[in-house]
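All remarks here apply to the structure that follows.
Residue numbers (the working numbering): 7 to 352.
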């Protein structure tokens, strides 16, 4: 993913338009669809919510990184895709592997695979939970210049979100979801194959997004024709220590009521120091095409660190240090706990 702060100044036009739209919607942005209860209501105390197992989530992260960097059209990528589909198949009612072809920033065609786990396929009310499973082909923010064209493990940027969702899937199997509710876990490919930072200027086009290619495809060609979801939650970089999860800017613009619902539940669970009630940067991530193309109000739970050397993300972002050694079980457990409460109390 990339952030507005890293883009050229011509993006200012889009930024101003988006600010205007947020201001225009500010009086209604926290409203839910008609007939739904207010997110300020206390959750149903009779609901039994399973305990999220952070150790298990950590193992799912470790399994992904054990294949090596999950760069599309490599053996590691292929092996990990097979493992993810098989493992998700142990828990979900149905698994769909969506093969697609996309065009990279340099015009090269590349094969990708979105992996979808469907729970309660007959339920009309659906929530979509998602993360990207590919890893960055370039460590282009590594402090050592010799490493900047080396693929990364993507333990936090990619595998952490998938690890949390895989553990959620296991819990959905162990404890049945509410009868009225269906969940779709979507693992997006080709999120992180944008241009190397050295070529960002060369390939910049304000009308084309060279990132989030898997979600761009899925949002126009969902796994079920005419697919709709009540809302969506994207996880990205949810495994670092001492995280800060502000309300990401696009999330608030498109789906403030979802952000507020999730952040209130996080506060109730004692996670307010991490799920901060602050507005975060604009992040062009997988949730943007989900909102824009699929019309699914979707938010991004993402660790934002404006004080870091890259001025937006954790220090290990797009470096070789984004490895399993820098994954914090406590953070995985916190995010998973919030997700399970939100889902089972829906």
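We put the beta carbon where it would ideally sit given N, CA and C, even for glycine.
Within the region 77 to 114, complete beta strand (DSSP E) segments of at least 3 residues are found at 100 to 109, given in chain order.
At a Cβ-Cβ threshold of 8 Å, residue 97 and residue 179 count as neighbours. The closest CA to that of residue 254, considering only 248, 267 and 262, is found on 262.
Taking C-beta separations shorter than 6 Å and ignoring five residues to either side along the sequence, the partners of residue 135 in its chain run 171, 191 and 239, following chain order. Non-local beta-carbon contacts of residue 173 in its own chain, meaning distances under 7 Å to residues more than five positions away in sequence, involve 58, 59, 62, 63, 66 and 342 in chain order. Every unbroken stretch of the beta strand (DSSP E) spanning 3 or more residues and falling wholly within the region 110 to 158 is given here in chain order: 115 to 125 and 131 to 138. Counting only residues of its own chain and dropping the five nearest sequence neighbours on each side, residue 95 has a CB closer than 6 Å to the CB of 101. Under the DSSP assignment, residue 220 falls outside any beta strand (DSSP E), being part of the alpha helix (DSSP H) whose first and last residues are 219 to 226. For residue 242, there is no enclosing alpha helix (DSSP H); the enclosing beta strand (DSSP E) covers residues 237 to 242. Exclusion of the five residues before and after residue 148 leaves 154, 325 and 326 as the residues of its chain whose Cβ lies within less than 6 Å of its Cβ. Excluding the 5 residues flanking it on each side, residue 275 has same chain C-beta neighbours closer than 7 Å at 343, 344 and 347, in chain order. Listed in chain order, the non-local C-beta contacts of residue 91 below 8 Å within the same chain comprise 101, 103 and 121, local neighbours out to five positions each way being set aside. Under DSSP, residue 192 takes part in a beta bridge, and its partners are 122 and 136. Our two residues, residue 282 and residue 211, have alpha carbons roughly 33 Å apart in a direct line. DSSP places residue 345 in the helix class (H, G or I) of the three-state scheme. Boundaries for residue 71: no beta strand (DSSP E) harbours it, while the alpha helix (DSSP H) harbouring it runs 60 to 72, taken from the DSSP string.
The straight-line gap separating the alpha-carbon atoms of residue 157 and residue 52 is approximately 47 Å.
For residue 306, the uninterrupted beta strand (DSSP E) segment begins and ends at 304 to 308. Considering only 278, 300 and 184, the residue with the shortest C-alpha distance to residue 229 is 300.
Only residues of its own chain outside the window of five on either side were considered, and among them 253, 257, 258 and 305 have a CB closer than 7 Å to the CB of residue 265, listed in chain order.
In the DSSP annotation of this structure, residue 323 is not part of any alpha helix (DSSP H), being labelled neither H nor E. Residue 139 is a Cβ neighbour of residue 193, given a cutoff of 8 Å.
The beta carbons of residue 249 and residue 141 sit no closer together than 8 Å. For residue 302, the CB contacts under 6 Å within the same chain, skipping 5 residues up- and downstream, are 235, 238 and 296 in chain order. Beta-bridge partners of residue 285 (DSSP): 253. Between the alpha carbons of residue 119 and residue 85 lies a gap of roughly 12 Å. DSSP, read as helix, strand or coil, puts residue 275 in coil.
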